[in-house]
Ligand SMILES: Cc1ncc(COP(=O)(O)O)c(C=O)c1O
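Right under this line is the structure:
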């Protein structure tokens with residue numbers, strides 16, 4: 001067995017049915033494996049949001065990535081139409097970001113930020129404020145979008161108390177929202193399956209209706225015409241609960257995980273106006289819309305709606321090291337600091353808050369965004385993306401197409417009695433044909449890296465058309 005063979009066996013032992021025994025034994029001797037691990041087993045890793053049984057019976061693996069592509073163990077290129085999970089905005093294995101992580105790891109592996117600090121976290125927070133809307137310039141670092149949402153909700157409640165309004169404790173989310181998987185985010189979220197098995201949720205939460213209206217808005221290009229008035233339901237909730245009990249409203253500017261729901265024209269402005277009128281905080285969850293996805297740094301600038309807090313994650317450092325953040329307004333931060341009765345103003349934080357590697361990766365990512373003009377690029381190529389997507393309007397099974405910036409959604413007619421089955425088949429068939437898409441319900445959702453070229457877009461559309469043609 002030559003060296004390459006051995007390395008390949010080691011890399012692939014978990015799923016290659018006939019991984020040579022000698023390679024496994026050698027790995028054990030070298031301390032790579034423990035008694036409990038067995039070759040050829042995919043059992044130990046409980047995969048998230050995945051049908052584990054089905055996946056493990058027919059796994060799809062990637063071992064490497066570069067720019068717009070993933071590569072399978074056999075070397076097959078898979079064009080990434082989803083930026084991983086909406087997160088690899090600058091393309092895969094971006095050399096400058098990889099190098100920044102290497103360098104940081106060699107200099108300061110870890111330092112906490114409780115009662116001590118390291119320059120990278122302060123520097124990165126400062127750098128972020130240069131991109132964020134005016135006065136949204138107090139940054140709390142987390143490790144994921146879910147944690148960013150929990151953090152923002154907790155800050156909202158603590159802030160209301162700090163300003164002498166502890167009765168403002170309710171949180172308002174929206175149907176068909178995804179704000180991550182922790183208890184606060186799940187509670188303000190609006191995805192039935194994500195909520196139904198996990199008990200009574202956080203109390204004091206209510207929901208706005210979602211804005212998806214296929215009867216009036218099907219095949220809208222960009223923002224749909226109809227539905228701004230759906231924001232007015234907030235007045236009904238205020239009538240029911242009274243504004244004096246409501247701390248904050250949280251929405252995704254564009255709902256991604258529930259199938260690309262683009263806000264109707266004027267909707268977000270209306271929501272902002274109502275929140276201002278009734279003294280309620282507005283939190284925009286920009287975990288997917290942040291960092292150029294719409295062709296502006298943040299959706300908040302794209303829609304010209306200034307929230308009180310923005311939640312971030314994913315593309316914050318090109319998804320290289322787990323990280324998220326909350327950008328809070330200066331008013332919130334100053335109030336919390338001024339009115340605190342204890343030296344610590346916010347009893348909240350994570351061991352990994354502001355991790356040196358994540359911050360170093362984040363700053364290199366901001367450099368790449370700037371040097372490659374990636375937000376402008378997204379803006380420039382968005383019309384081509386829109387035309388290409390809408391050319392699928394006559395493809396088989398398609399009942400709606402939606403787009404904004406470099407986000408696209410293709411809604412398929414559900415198979416009678418078998419919702420989601422058709423989209424899942426489309427996902428598998430696309431992967432086999434060298435294209436990674438994402439499906440949610442019966443919707444194909446796409447969000448390519450901002451380095452995407454027109455030829456890539458053509459390949460995405462051609463592959464999807466071909467696949468849909470073959471599906472029952
Ligand atoms: C809008 C939004 N908020 C929060 C999250 C949760 O982020 P994470 O998976 O990093 O916890 C996501 C993830 O897709 C998201 O789309």
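Numbering (my numbering), first residue to last: 1 to 472.
Glycine is no exception: its CB is placed at the ideal position from the N, C-alpha and C atoms.
Say whether the region 300-310 touches the region 123-139, bearing in mind that this needs 3 or more beta-carbon pairs closer than 8 Å, one atom from each stretch. yes
Looking only at C-alpha atoms, which of 324, 370 and 376 sits nearest to residue 357? 324
When you compare the CB positions of residue 427 and residue 443, do they come within less than 9 Å of one another, or not? no
With a threshold of 7 Å on Cβ separation, who are the neighbours of residue 190 within its own chain once the five nearest residues in sequence on each side are excluded? 173, 174, 175, 176, 177, 207 and 210
Give me whichever residues DSSP pairs with residue 67 in a beta bridge. 92
Length at least 4, wholly inside the region 215-275: the alpha helix (DSSP H) runs in chain order: 233-241
What did DSSP end up calling residue 469 once you bin it into helix, strand or coil? helix
Taking its Cβ as the centre, do 16 or more other Cβ atoms sit within 10 Å of residue 103, making it buried, or is it exposed? exposed
Check whether the Cβ of residue 314 sits closer than 8 Å to any heavy atom of ligand 1, and report yes or no. yes
Applying the 10 Å Cβ sphere with the 16-neighbour rule, what's the burial state of residue 115? exposed
Quick one: is the Cβ of residue 85 within less than 8 Å of any heavy atom of ligand 1? yes
Contact belief for residue 234 with residue 274 at Cβ below 8 Å, rounded distance in angstroms: 5 Å
By a C-beta neighbour count over all protein chains shown, 10 Å radius and 16 as the cutoff for buried, is residue 170 buried or exposed? buried
Within 8 Å, do at least three Cβ pairs link the region 339-347 to the region 82-93? no
Cα separation between residue 417 and residue 397? 15 Å
Which same chain residues end up closer than 6 Å to residue 231 when comparing Cβ atoms and leaving out the 5 residues on each side of it in sequence? 267, 270 and 271
State the beta-bridge partners of residue 141 as determined by DSSP. 325
Residue 435 and residue 469 closer than 9 Å at C-beta: no
For the alpha helix (DSSP H) holding residue 182, just list the boundary residues, first then last. Careful: residue 182 lies outside any alpha helix (DSSP H) and carries neither H nor E.
Mark residue 314 as exposed unless 16 or more other C-beta atoms lie within 10 angstroms of its C-beta, in which case mark it buried. buried
Could you spell out where the beta strand (DSSP E) holding residue 437 opens and where it closes? No beta strand (DSSP E) contains residue 437, which DSSP labels as neither H nor E.
Nearer than 8 Å: is that true of the beta carbon of residue 147 relative to any heavy atom of ligand 1? yes
So for residue 368, helix, strand or coil by DSSP? helix
Would you verify that the beta carbon of residue 367 is, or is not, closer than 9 Å to some beta carbon of chain C? Note that chain C does not occur in the displayed structure, where there is just one protein chain.
Looking at the unbroken alpha helix (DSSP H) that takes in residue 84, where does it start and where does it end? 83-86
Please give the ranges of any beta strand (DSSP E) in the region 286-335, keeping only runs that are unbroken, at least 3 residues long and fully inside the region. 309-312 and 324-328
Cα separation between residue 214 and residue 310? 28 Å
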